Amino acid sequence: SVGFLTEKPRGEVMVGVVADPAVMQSLEEAKSIEALIDSGIRGPAFSFRAISIFTNQLADLQDIDMLLVTKGLAEHHQSIFEAASRLGILTVSTDESCVDSGHCVMWVKGSPSVRIVVNRAAARASNISFQTSFRMLITER
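For the sequence shown, this note's numbering gives the first residue as 2, with consecutive numbering after it.
1. Given that a residue counts as buried once 16 or more other Cβ atoms are within 10 Å of its Cβ, and exposed if not, what is LEU40?
2. If you pair each beta-carbon of the stretch 59 to 68 with each one of the stretch 77 to 90, do three or more pairs fall below 8 Å?
3. Under a Cβ-count criterion, where at least 16 other Cβ atoms within 10 Å of its own Cβ denotes burial, should LEU88 be classed as buried or exposed?
4. Which partner residues does ALA20 have in the DSSP bridge list?
5. Run the CB neighbour count on ALA31, radius 10 Å, all protein chains shown included, and call it buried at 16 or more, exposed below.
6. Note the first and the last residue of the continuous beta strand (DSSP E) segment covering ARG116.
7. So SER94 is in the beta strand (DSSP E); what residue range does that whole segment cover?
8. Terminal residues of the continuous alpha helix (DSSP H) containing LYS32?
9. Pick helix, strand or coil for ARG11, following the three-state DSSP scheme.
10. Taking only the alpha-carbon atoms, compute the straight-line gap between ILE139 and ALA122 and give it to the nearest angstrom.
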């Protein structure tokens, strides 16, 4: 999805994986996501690097290009989105309620088939836009 932004990233893309240390589901998903990213996911002109961000570290997002919001963080969705949107950071979650509430730009589901939903209002509030070709492949709410 990052490759379909109208302003494509270049170089190293810092991905903050947001987790709550008090929520086991969140911590487990964060470890899994970080391992996947650090295994070497690359785009044509960029590479990803994961960094853990706990819900009490949202004031320090200056070097982050994208946030992946783990499951189990519903009570933090609003504060995560406020911190990220202020800096124009793309927020992506595997928790559909985050995009439904307007507190994540994108929800991604990988199985049994890939499904991507973008919240238009959240994208606008974050000053994020996607290429037309990508928008034809996704659902917008």
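C-beta: ideal position from N, C-alpha, C; glycine also. Predicted model, so just to flag it, every value in this text is computed and none were measured.
In this structure, then:
1. In the sequence as presented, Leu is not what sits at residue 40; that position holds Ser. With a 10 Å radius around the Cβ and a threshold of 16 neighbouring Cβ atoms, SER40 comes out exposed.
2. In short, these stretches touch, since the Cβ pair count reaches three.
3. Counting the other Cβ atoms within 10 Å of the Cβ of LEU88 gives fewer than 16, which makes it exposed.
4. BP columns for ALA20 point to PHE55.
5. ALA31 should be labelled buried.
6. For ARG116, the enclosing beta strand (DSSP E) stretches over residues 116 to 119.
7. It spans 91 to 94 - the beta strand (DSSP E) in which SER94 sits, taken as one unbroken run.
8. Looking at the DSSP string, the run of the alpha helix (DSSP H) that includes LYS32 is 25 to 39.
9. It is coil, neither helix nor strand.
10. Approximately 15 Å between the Cα atoms of the pair.
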